[in-house]
Amino acid sequence: MRRRISDSVIVITGASSGIGRAAALAFSKKGASVVIAARREQPLREIVTQCKNLGGRALAVPTDVTDEAAVRNLARRAVEHFGRLDVWINNAAVTLFARFEDAPIEAYRRVIETKLFGFIHGARAALPYFREQGSGVLINNASLAAKLSQPYLSAYVAANHGVRGLSMSLRQELLLEGAENIHVCTVVPASIDTPLYQHAGNYTGRAAKPLPPVYTPDQVAETFIRLAENPRHEVYVGNAARMLSFESLLAPETTERQLAVMTDKMQLLKDQPIPPTAGNLFEPLPEWTGIRGGWKVNGHLSFRRAAVAGAAILAPILLMAWFRLGMRTALPRRSAPSMIDFLSPLAEAVGHAIAGRMFGRSIP
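Here UniProt numbering is used: position 37 in the sequence shown is 37, and no number is missing along the way.
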């Protein structure tokens, strides 16, 4: 039986900034006991004070999630200090912008070690305590990159796809074991206003920013709280995440091309050249330890407006799919391809133009 948030012990990795920091404060406002982990100790101390001032109890355990022994120690410290472990939030992440063949292999590996193996280490540390108690909630904070893909982010995309697969496989094992009170949840946020982009490794020569629309870290933190209270298998944060995932199911090739162009034209800035940097991949940076990254938050479309926008983007795609089917059955084989080849780019261009206006910039 799940406990009230005010009686729960919550472990949060990647808690020194961004979503993790927002989550620590949000759970503390509910009276929870939080155990916060990250590589940087000084920000953790500040957050402990803030959590206590908000009415929660807090413990800081500096941890590098790529070290399995350190993550097991994090779980042990949480149970020793607070007596139990109710919710474990795998949240630590680093990212890397680079053309696949230009990315230093050490940097590539570090993204996967943090985002995927860090989550594996967290799950292996938490699940034994959940089984002993007979209950628990494991929350894996992934990304929209867990369901889609982008160029120049292949390490991050691969790691996030792995995180989603990990969650699904763990749920199946728990189902077969009959562990009905142990839950594994995946969170799939759209772009979030955090310092992730300032911290990123970057070997593209171009500064990076989040793809609009951008949502707040507090929205993700509130999602964590809802899942701790009422676990679900998979939850989106931001209508854009839901809409793009749906679009990819209906028109995967078009969505893939659309995101490729958007990343190149809107996320990597040609007018802001930067030197190659490893960012915080190997060592934490002293800057940008707050919740927000200073990006313009514009992910405030109502569900109705987002649905209308999504329908506008999907309409030409669906029309083209219908036309393809009709043409292939009604016309001779030699006639159909020429008309389809003529109309396909037109339908795709219409979808791109609508997406560009929705996101505040034209997409060639």
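Cβ atoms here follow ideal geometry from the backbone N, Cα and C, with glycine treated the same way.
Item                                                                                                      : Value
Assumed close pair G293, T194 - CB separation to whole angstroms, cut-off 8 Å                             : 5 Å
Separation of D64 from P364, as counted between CA atoms                                                  : Because P364 sits at a pLDDT of 36, beneath the cut-off of 50, its placement in the model cannot be relied upon, and the point is left open.
Beta-ladder partner(s) of N140, from DSSP                                                                 : N90, T186
Three-state secondary structure assigned by DSSP to Y215                                                  : strand
Bounding residues of the beta strand (DSSP E) (the contiguous stretch that carries P273)                  : 268-273
Residue 411 - partner residues in DSSP beta bridges                                                       : What the structure shows of the chain is the stretch from 1 to 364, and residue 411 is not part of that stretch, so it cannot be assessed.
Status (buried if at least 16 other CB within 10 Å, exposed otherwise) for K115                           : buried
A207 vs Q272 beta-carbon contact at 8 Å                                                                   : yes
Whole-angstrom distance between A60 and V188, CA atom to CA atom                                          : 26 Å
S28, buried or exposed, once every other Cβ within 10 Å from all chains shown has been counted against 16 : buried
Pairwise C-alpha distance: N91 and G165                                                                   : 16 Å
contact_flag[the stretch 73-85, the stretch 124-136] where n(CB pairs < 8 Å) is 3 or more                 : yes
First and last residue of the uninterrupted alpha helix (DSSP H) at A107                                  : 105-112
Same chain, Cβ closer than 6 Å to P213, neighbours up to 5 away in sequence not counted                   : A240, N298, G299
Cα-Cα separation between V184 and M262, rounded to whole angstroms                                        : 32 Å
First through last residue of the beta strand (DSSP E) which encompasses R206                             : 206-208
Residue range of the unbroken beta strand (DSSP E) whose run includes Y236                                : 234-237
Spatially closest choice to I182 from A93, V87, R99, V235, by CA coordinates                              : V87
Counted within 10 angstroms of its Cβ, other Cβ atoms place H121 as buried (16 or more) or exposed        : buried
F82 burial status per 10 Å Cβ neighbour count (16 or more: buried)                                        : buried
Of the listed residues T186, T216, T277, T289, nearest to K296 (C-alpha basis)                            : T216
Candidates G290, S33, A123, of which the one nearest S169 by Cα                                           : A123
Delimiting residues of the alpha helix (DSSP H) encompassing T289                                         : From DSSP, T289 is part of no alpha helix (DSSP H); its letter is neither H nor E.
M339 burial status per 10 Å Cβ neighbour count (16 or more: buried)                                       : Low per-residue confidence applies at M339: pLDDT is 45, beneath 50, and the placement is therefore not dependable, though the value from the model is reported in the following sentence. By the neighbour-count rule (16 or more Cβ atoms within 10 Å), M339 is not buried but exposed.
Alpha helix (DSSP H) segment containing A79, residue limits                                               : In the sequence under discussion, the amino acid at residue 79 is Val, which differs from the Ala named in the question. Start and end: 68-82.
Cβ-Cβ distance between N140 and F117 below 8 Å                                                            : no
Beta-carbon spacing of N202, G136 below 8 Å                                                               : no
Helix, strand or coil at R3 [DSSP, three-state]                                                           : coil
Per DSSP, cross-strand counterpart(s) of T277                                                             : N202
L96, DSSP secondary structure in three states                                                             : strand
Residue burial classification, G178 (beta-carbon count within 10 angstroms, cutoff 16)                    : exposed
Distance, P276 Cα to E283 Cα                                                                              : 16 Å
Bridge partners - S191, DSSP secondary structure assignment                                               : V214
At least three beta-carbon pairs within less than 8 Å, the stretch 220-236 to the stretch 14-26           : yes
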